[in-house]
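Report on the structure given below.
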Amino acid sequence: MVDLLFYVAAALCVLCALGVVVSANPVQSVLMLLGSFVGISLIYLLAGFQFLAAIQILVYGGAIMVLFLFVVMLLNQGDPAVLASEQGLLSKAQLAGGLAVAGSALALLLAAVVRTEIPRPIFGYLWPEGGLDPLVGMAQAMFGPYVLAFEGASVLLLTTAVGVMTLAKRQRSKPSVKAAPLSSTTEGSA
Amino acid sequence: MDTSLVDSGQFWPWLIPALPLLGALLAGGLHFDVLRRRKNNSDASGAPVAAGIAILAMAGAFLFSLKGFLALRAGDGIILSTAFDWIPTGDFTVRWSLMIDQLSSLMTLVVTGVGLLIHIYAAGYMKGDAGYAKFFAYLNLFVAMMLMLVLSDNMVGTFVGWEGVGLCSYLLIGFWYKDGWRAEAAQKAFVVNRIGDAAFLLGMFILATTFGSLDYSAINGEVSLLAQDGLPWKLSLAALLLFGGACGKSAQIPLFVWLPDAMAGPTPVSALIHAATMVTSGVYLVVRLNPLFAGAPMVLTLIGAVGAATAFVAGTSALRQRDLKGVLAYSTVSQLGYMFLALGVGAFSSAIFHLVTHAFFKALLFLGAGSVIHGMHQEQDMHKMGGLKSHMPKTFITFLAGAAALSGLPLMSGFFSKDEILAAAFAGGGVSLILWAIGLVTAAITALYTWRMVALVFFGKERFDVNSVHPHESGSLMTTPLFVLAILSVAGGVLGLPIVFHAPHLLAEWLAPVLEPGKQILALAHDGHAPHLSHLVEWILLGLGAAIALGCAHIAFHAHREGTASDLAFETKNPELAETLSNAWGIDRAYKRLLVQPIMAAAAALSALFDLALIDGTVNGIGRFAERTGHKVARQANGHLGSYGLIIGGAACVLAAVWMWIGA
Amino acid sequence: MNVPSEHLLILAAILFAIGLGGFLLRRNVIVVLMSIELMLNAANIVFLAGARQHASESGHWLPDGPVMVTFVIAVAAVEAAVGLALVIALFRRKQTVSLDQLSPTSD
Chain H
325 MVDLLFYVAA ALCVLCALGV VVSANPVQSV LMLLGSFVGI SLIYLLAGFQ FLAAIQILVY
385 GGAIMVLFLF VVMLLNQGDP AVLASEQGLL SKAQLAGGLA VAGSALALLL AAVVRTEIPR
445 PIFGYLWPEG GLDPLVGMAQ AMFGPYVLAF EGASVLLLTT AVGVMTLAKR QRSKPSVKAA
505 PLSSTTEGSA
Chain E
257 MDTSLVDSGQ FWPWLIPALP LLGALLAGGL HFDVLRRRKN NSDASGAPVA AGIAILAMAG
317 AFLFSLKGFL ALRAGDGIIL STAFDWIPTG DFTVRWSLMI DQLSSLMTLV VTGVGLLIHI
377 YAAGYMKGDA GYAKFFAYLN LFVAMMLMLV LSDNMVGTFV GWEGVGLCSY LLIGFWYKDG
437 WRAEAAQKAF VVNRIGDAAF LLGMFILATT FGSLDYSAIN GEVSLLAQDG LPWKLSLAAL
497 LLFGGACGKS AQIPLFVWLP DAMAGPTPVS ALIHAATMVT SGVYLVVRLN PLFAGAPMVL
557 TLIGAVGAAT AFVAGTSALR QRDLKGVLAY STVSQLGYMF LALGVGAFSS AIFHLVTHAF
617 FKALLFLGAG SVIHGMHQEQ DMHKMGGLKS HMPKTFITFL AGAAALSGLP LMSGFFSKDE
677 ILAAAFAGGG VSLILWAIGL VTAAITALYT WRMVALVFFG KERFDVNSVH PHESGSLMTT
737 PLFVLAILSV AGGVLGLPIV FHAPHLLAEW LAPVLEPGKQ ILALAHDGHA PHLSHLVEWI
797 LLGLGAAIAL GCAHIAFHAH REGTASDLAF ETKNPELAET LSNAWGIDRA YKRLLVQPIM
857 AAAAALSALF DLALIDGTVN GIGRFAERTG HKVARQANGH LGSYGLIIGG AACVLAAVWM
917 WIGA
Chain S
182 MNVPSEHLLI LAAILFAIGL GGFLLRRNVI VVLMSIELML NAANIVFLAG ARQHASESGH
242 WLPDGPVMVT FVIAVAAVEA AVGLALVIAL FRRKQTVSLD QLSPTSD
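These protein sequences, in sequence, are chains H, E and S.
Take any residue in the first sequence, note its place counting from 1, add 324, and you have its number in the numbering used here.
Take any residue in the second sequence, note its place counting from 1, add 256, and you have its number in the numbering used here.
Take any residue in the third sequence, note its place counting from 1, add 181, and you have its number in the numbering used here.
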């Protein structure tokens, strides 16, 4: 019964992923991605990673997807008029190349999976009380062996915040960088 | 015979070659200073100091040579001075060591003494030349190398000096290298010498492998022992090869073609290198290894024949030269032929005697010619001279002395040395009698061309415009050495008075210890007796030589006294003969046609094939390939993210596939 | 859940391939960024499949898998943020989000 749920979630993931890639409308793509994330979160939960399942929904679904949606809306990508003007057809070579690479990647990965001997555990996949990612254990790991990565990630987040604000800042219509000419040399257009 | 010499523990012999070497370094340094000053347009007055340094170095070397000579005369025994082991390889060791024995001390005296006079002369002759300091650096270096050649106690040291004098000869012949033909002459000298050097090396290899040592004392000692039963053919071959090397350095047939061209160098160079010292290296080598050559009678005969032939061919060529220095150049070749003739008949001390007297009078003649050329403002064609005896009296007097000695006028030094050679040839009988005949004819020719030269240059009417040329006598720096050499040319005969004068032959007595082994080996061939002549025959031969010299001198003098008439008459009557003779019997031209041109053509063809097409093609081809491939590959950096992603993804897939295939 | 690990890996493979295809084939920059997120998620699944397998095999649990996934999620968020900020900045210049028109002209 639980296994069936896994396969359903898996099917959801795959179908939604296809939807992301295939949709013409970026807004649709975003929503499809969200569906994929939900499926993945469900799989995490079924496998015993309760904390991560929550994190997946919160961060991916709640933050990243929102961000994507914001940007899509901001750039008017949902407008059919804008969409129509932007559609470009892929050239045959590009299509073939892309499909070939993706297809071969799939083939390789599947081949790798098939060739690997993964033993079945005797008593099945069990997890202890609290799941396979208990908060206490995770915290101990984060502030133990992985403290450097943890601190690095914090710095990264901070930097990103500042960087994103700088990057996306709206340019003033009156340029504030242009200095008053000190000499009489004429300047070219900016 | 004790073949080992004990090191004397004295190091002053090293000063003999070291002082000129130091002089060369200092003078060379001064030259760079001169260049630097000239670039800064400041006064380049350091140059005369270079001459002073060089002359001082020569004087020092001469004094130490004298010291060695006196030490030997006092009966000290041979002085061996070892610096250090150069090539120590197990059984075979080569050392840097000098040996002062009778032969080498005599050679050092000649080299440093005549060299000193020539240095003094050059100080005056080369005045005003841009490379004044460089000239003296080269000259001193040459002397240092020549001293190394004669003083070394083993063949390797001699070879170092051999090569060194070859190098300096190249540098000095091409001293005014800005004239292309002079540089070519220098190159020709070097290349022809190289051929001889190859033979020298091969001879050395044979001796080294046979005796396990290249020390003269070891070689000579062993050869003397072996010669009792006749030398093996390998050693005769070694002797032949060494003679080949001597031919190159001493300008014998077939390797003499460089010496006439070498007149492209300044006259002091011709005097020092191509008259007095370097060209005598071949003679020195044979005398130094006299047991080896004495034990190879066929090689000796060949040496005599080559010497005689060379003397004759060169002598006839000198007869038709218009260039003053050209006459002297061919004369040098001819006189060297005499020395080899002497060696060929076993008269080793006579060869050395002639070497010494020739050094005196030939250096004198070259320096005098330089004085003439200097006074005539670089004119060298004798047809454009004449009547100079009143314009340049000192040069004239000294030149006469030299000419008298060269032509063998009685009681001059050249008379005694040349007649000694001819007497030895006559005494040998058989083949050497033929050599004697050739030598006699050549003596006549020698007198002819010598006095033709004197007459054309100094007598008769001036064949130039006196008012525009203004020939002047040279300064005392140049004329003083001329006088010293003139005295030596006239009086030098006392070194080797013939037996019939009832006076000791100083030179032969002096060299006897060195030449004894060879003499004994030669005596074996004649059943223990050295060939000798009765006193009557000797007097007759002396008289014959004197008569020929005087007679031919008279003929030539009067034929050319009034001018170039008889020269030109000969040319019109026998144009081809005149042409051939003036070109040394066309040998040089034959070399050019048969050897030089085919080799150059082959070199050009090979160069075009291998160098241009193959190597350049490959290297350039690689470059072009890299460029083209680079262009093609650079096209993928087109800024399109899509293509980037494709390439990266594709490559990753390929790598992953390979990895899985290998089974990592 | 007793789904064998292979199935989890196969799911990850499929998601990754789909993400890769989207990354290579779509012209819209934002969709490309989303495909990248998809690929990252596929990687997360692999990590966790491994963690689960190890825990079941050895009987004790290691934090490395979940910690790794946590960091991947954090970095993915960062990357998406920065990428989108760039897209916004670019859009202001070029008024388009199509890759074809956003790529710099080649030589």
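Don't be surprised by glycine CBs; every beta carbon is placed ideally from N, CA and C.
Within chain H, partners of residue i - CB distance below 7 Å
i: Leu902 (chain E); result: Gly421, Gly422, Val425
i: Ala912 (chain E); result: Leu432
i: Val250 (chain S); result: Leu376
i: Val268 (chain S); result: Val395
Cβ neighbour criterion (16 or more within 10 Å) applied to residue i
i: Asn410 (chain E); result: buried
i: Thr368 (chain E); result: buried
i: Ala882 (chain E); result: exposed
i: Val486 (chain H); result: exposed
i: His887 (chain E); result: exposed
i: Arg207 (chain S); result: buried
i: Trp795 (chain E); result: exposed
i: Phe604 (chain E); result: buried
i: Thr345 (chain E); result: exposed
i: Leu189 (chain S); result: buried
i: Arg450 (chain E); result: exposed
i: Val722 (chain E); result: exposed
i: Asn546 (chain E); result: buried
7 Å Cβ cut-off: residues of chain S touching residue i
i: Ser353 (chain H); result: Val212, Met215
i: Gly905 (chain E); result: Leu201, Leu205
i: Leu897 (chain E); result: Leu280, Ser284
i: Ala492 (chain H); result: Ala266, Ile269, Ala270
i: Val460 (chain H); result: Correct list: empty, because the minimum Cβ distance to chain S is about 10 Å.
Minimum Cβ-Cβ distance from residue i to chain E less than 8 Å
i: Leu190 (chain S); result: no
i: Gln495 (chain H); result: no
i: Phe228 (chain S); result: no
i: Val344 (chain H); result: no
i: Gln276 (chain S); result: no
Contact with chain A by residue i, beta-carbon distance below 8 Å
i: Met916 (chain E); result: No chain A is part of this structure, whose protein chains are labelled H, E and S.
is_contact[residue i, chain H] using C-beta, thresh 8 Å
i: Met148 (chain S); result: The displayed coordinates of chain S run from 182 to 288. Any statement about residue 148 (chain S) would go beyond what the structure contains.
i: Ala262 (chain S); result: yes
i: Ala890 (chain E); result: no
i: Ala893 (chain E); result: no
i: Ala224 (chain S); result: no
i: Val253 (chain S); result: no
i: Phe197 (chain S); result: yes
Chain E residues whose Cβ lies nearer than 7 Å to that of residue i
i: Ser428 (chain H); result: Cys909
Beta carbon proximity, residue i to chain S, threshold 8 Å
i: Gly919 (chain E); result: no
i: Gly359 (chain H); result: no
Cross-chain neighbours of residue i in chain H, by beta carbon under 8 Å
i: Val259 (chain S); result: Leu480, Leu481, Thr484
Chain-ordered chain S contacts of residue i [CB-CB under 9 Å]
i: Leu391 (chain H); result: Ala258, Ala261, Ala262, Leu265
i: Val326 (chain H); result: Met182, Asn183, Val184
Contact list for residue i against chain S, beta-carbon separation under 8 Å
i: Ala477 (chain H); result: Phe252, Ala255, Val256
| query | If contact means a Cβ-Cβ distance below 9 Å, which residues of the stretch 363-387 of chain H contact chain S? | reply | Ile364, Ile367, Tyr368, Leu370, Ala371, Gly372, Phe373, Phe375, Leu376, Ile379, Gln380, Val383, Tyr384, Ala387
| request: Counting only runs of 4+ residues fully inside the stretch 592-669 of chain E, write out the alpha helix (DSSP H) ranges in chain order. | output: The stretch 592-669 of chain E contains these whole alpha helix (DSSP H) runs: 604-631, 649-663.
| Going along the stretch 431-454 of chain H in order, which residues come within less than 7 Å of chain E, judged by CB to CB distance? | Leu432, Ala435, Ala436
| said: If we require 3 or more residues per run, which beta strand (DSSP E) segments fall completely within the stretch 804-884 of chain E? | reply: none
| Contact set between the stretch 462-473 of chain H and chain S, restricted to residues whose Cβ is under 8 Å from the partner | If the cut-off is 8 Å between Cβ atoms, the stretch 462-473 of chain H has Met462, Gln464, Ala465, Met466, Tyr470, Ala473 near chain S.
| query | Which ranges does the alpha helix (DSSP H) cover as unbroken runs of at least 4 residues, wholly within the stretch 369-405 of chain H, from first to last along the chain? | reply | 374-379, 389-398
| field | Runs of alpha helix (DSSP H) lying entirely within the stretch 389-432 of chain E, each at least 4 residues, in chain order | value | 411-429
| request: Please specify which runs of the beta strand (DSSP E), each continuous and at least 3 residues long, are wholly inside the stretch 319-382 of chain E, giving them in chain order. | output: 335-345, 348-356
| message | If we require 4 or more residues per run, which alpha helix (DSSP H) segments fall completely within the stretch 462-507 of chain E? | response | 472-482, 489-505
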